[in-house]
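S.K.:
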Amino acid sequence: MIVNNWQVFLDAFARYSSPWSKLYFVSWWLVSSVVWVNLFVALILENFIHKWDRSCHPSLSANQEVEYHMTVQLMFREDLEEPTDEELLDRLHHHPHLHLSR
Numbered sequence: 001m002i003v004n005n006w007q008v009f010l011d012a013f014a015r016y017s018s019p020w021s022k023l024y025f026v027s028w029w030l031v032s033s034v035v036w037v038n039l040f041v042a043l044i045l046e047n048f049i050h051k052w053d054r055s056c057h058p059s060l061s062a063n064q065e066v067e068y069h070m071t072v073q074l075m076f077r078e079d080l081e082e083p084t085d086e087e088l089l090d091r092l093h094h095h096p097h098l099h100l101s102r
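Going by the UniProt record's numbering, 61 is the number at position 61 of the sequence shown; the sequence numbering is gapless.
(1) Could you spell out the range, first to last residue, of the alpha helix (DSSP H) harbouring L72?
(2) Taking the CB atoms as reference points, tell me whether L100 and L92 lie closer together than 9 angstroms.
(3) Residue range of the alpha helix (DSSP H) that H94 falls in?
(4) Please go through the same chain and pick out, in chain order, the residues whose beta-carbon is closer than 6 angstroms to the beta-carbon of A14, but skip the five residues on each side of it.
(5) Excluding sequence positions up to five away, which residues of its chain have a Cβ less than 8 angstroms from the Cβ of L98?
Right, here's the structure in full:
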């Protein structure tokens, strides 16, 4: 029932049967197209990420556990630059809404 004009079927069935057929068609559309397509795409992405992760990391022995820690900070660690304490204090003292006593 994943076609472009599924609402035509909805109107025809609702006209010749009960109004509950509209609820059936809308729920069928939600389950068939939205939920299943999203699950299918999620499985493909998960499979790709799993294979890519295995190819980038060396294989582990059977008794070693794999730990995954992926954050935005870890992904761009090489590009990030930590500010110095003086820079932080200077920004805090010049903040328009924060009044610190020196």
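For every residue, glycine included, the Cβ atom is placed at its ideal position computed from N, Cα and C.
M.R.: Inspection of the coordinates gives the following:
(1) Sequence check: residue 72 is Val here, not Leu. Here the alpha helix (DSSP H) through V72 covers V72 to M75.
(2) Closer than 9 angstroms, so yes.
(3) Run containing H94: none; DSSP gives neither H nor E here.
(4) Closer than 6 angstroms at Cβ, skipping near neighbours: S21 and K22.
(5) Within the same chain, L98 has close Cβ partners L92.
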